Structures are given as C-alpha cells and as structure tokens.
Amino acid sequence: MQIITGKYRSRKLVPVSAETTRPTLARVKESVFNMISDKIEGACVLDLFAGSGAFGAECISRNASVVYFVDANKEAIKTININTKNMKEEFYVLGVDYKTALKKFIDQNLKFDLVYLDPPYKSDFALQALDMLYQLNLLNENACIVVEHDNQNDLKNLPSCYIIEKSKKYGIVYVEVLKFLR
Numbered sequence: 462m463q464i465i466t467g468k469y470r471s472r473k474l475v476p477v478s479a480e481t482t483r484p485t486l487a488r489v490k491e492s493v494f495n496m497i498s499d500k501i502e503g504a505c506v507l508d509l510f511a512g513s514g515a516f517g518a519e520c521i522s523r524n525a526s527v528v529y530f531v532d533a534n535k536e537a538i539k540t541i542n543i544n545t546k547n548m549k550e551e552f553y554v555l556g557v558d559y560k561t562a563l564k565k566f567i568d569q570n571l572k573f574d575l576v577y578l579d580p581p582y583k584s585d586f587a588l589q590a591l592d593m594l595y596q597l598n599l600l601n602e603n604a605c606i607v608v609e610h611d612n613q614n615d616l617k618n619l620p621s622c623y624i625i626e627k628s629k630k631y632g633i634v635y636v637e638v639l640k641f642l643r
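If you use the numbering used here, the sequence shown closes out at 643, no skipped numbers anywhere.
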C-alpha cells in the first residue's frame, strides 16, 4: 500500500492491524482517484471511517488544503498517525465515532468539498452519515462524496440532495461518486 502520486508519491503506508478494518484494494483506490482527481487540490477533505488514512494521505499528497481523518478504532488512529508522520500540511486526526465528529464540525463552522465514506460493510452508516452531512450543513455547494460499499442496494434510499455522478463495481465492491446539491 502506497501513495499513488503527488509530493509524497510512492510513500509506503502501513495497514491497520485490527481485524475489523479492511484496506481498500489498490485498483479500487487508483480508480477512485482517477474519477475525482480534479476535486482534490485546495479542497477541505473529510476521510470518515478513515482506517489507515490512505485516502486522506493521498489527498494531502495531491495538495488538499486541509484533511480531517475520523475513526473510532484506536488501532486505526495509531496507523493514521504513522502514515502521516512528517507530513507538514494541515490535517487533523479525530479518534471518535463519526456522529460525534460530525457534530463537532458544526462548532468549528466547517464545510467540506470532498468526503470519503468507507464505513463497515453490512451497516447503514453511509446513509446515516450522508443524512447528517446534509442536516448539519457540513457540505459546500457541489461537494463531492465518494462512497465505498458492498451491496448494490446500500444507497437505494439516497437523500434527494445527492445525485450519483459515477458508479463502478469491482468484484463485490461498489464505488459511487455523489454530487451534493442544495
């Protein structure tokens, strides 16, 4: 596992040692970044359910203005800190559950341009997070949200403020690129 391109290109990333966290496959990660490459530079990025922090680290490497990593798993937080060590760009690592983090972001007056959601499979956390991002007014107009999930029906009840711009399937993994509309 490594950063694909940018100022930290080829930097090795370590995976989370916890059994409950699964890394995104390299071909999926590369495809995702090909789909959203024009949305990263200068963006305020949220890597929710961050795991190893590979998505956020890649965004740092590609000149995002700031990245927020969120994961409730203590091993994931340790791994994110290892993977971002010596990166001088602006980023924050929060070791809390996603609902707590999203509520904290209101107080900070944050609005995100790019959000990556890779929640535990077989959960409805993606839809809950999408709803909270909208309800708490945490997204800039035309924000891009990438959702990785394992069931074709996971986003069937997508709130109407989101449209699916791109959709790809890789084995059992689905990746949806959403656009937020006010």
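No residue lacks a Cβ here, since even glycine has one placed at the ideal position from N, Cα and C.
Model, not experiment: these values are computed from the prediction.
Going by C-alpha distance, which of the options is nearest residue i?
| i | options | result |
| --- | --- | --- |
| Ile633 | Ser471, Tyr553, Lys572 and Asp611 | Asp611 |
| Leu600 | Thr545, Ile541 and Cys505 | Cys505 |
| Pro581 | Met593, Glu609 and Leu555 | Glu609 |
| Asn547 | Ala518, Gln569 and Ile567 | Ala518 |
| Asn618 | Ala604, Cys605, Gly514 and Ala587 | Ala587 |
| Leu507 | Phe573, Pro620 and Met462 | Phe573 |
| Asp579 | Phe516, Cys605, Ser471 and Arg472 | Phe516 |
With burial defined as no fewer than 16 other Cβ atoms inside 10 Å of the residue's Cβ, what is the status of residue i: buried or exposed?
| i | result |
| --- | --- |
| Thr561 | exposed |
| Leu555 | buried |
| Asp615 | buried |
| Ala487 | exposed |
May I have the straight-line CA-CA distance separating residue i from residue j, to the nearest angstrom?
| i | j | result |
| --- | --- | --- |
| Gln596 | Tyr553 | 23 Å |
| Leu509 | Asp585 | 14 Å |
| Lys564 | Asn544 | 26 Å |
| Ile624 | Leu642 | 8 Å |
| Glu602 | Gln589 | 20 Å |
| Tyr469 | Lys549 | 11 Å |
| Asp568 | Met593 | 14 Å |
| Glu637 | Lys627 | 6 Å |
| Lys645 | Lys539 | Nothing can be reported for residue 645: it is not among the residues displayed for the chain, which extend from 462 to 643. |
| Ile465 | Lys583 | 29 Å |
| Phe566 | Ala604 | 16 Å |
For residue i, name the three-state secondary structure that DSSP assigns.
| i | result |
| --- | --- |
| Gln463 | strand |
| Tyr595 | helix |
| Ile497 | helix |
| Phe510 | coil |
| Tyr469 | coil |
| Lys630 | strand |
| Cys622 | coil |
| Tyr582 | coil |
| Ala504 | coil |
| Lys546 | coil |
| Glu551 | coil |
| Ala604 | strand |
| Lys617 | coil |
| Asp574 | strand |
Is it the case that the Cβ atoms of residue i and residue j are separated by a distance below 7 Å?
| i | j | result |
| --- | --- | --- |
| Ser522 | Gly467 | yes |
| Lys500 | Leu575 | yes |
| Cys520 | Val531 | no |
| Val475 | Gly512 | no |
| Val607 | Tyr635 | no |
| Asp558 | Ala537 | no |
| Asn524 | Glu491 | no |
| Tyr631 | Val493 | no |
| Gly514 | Ile497 | no |
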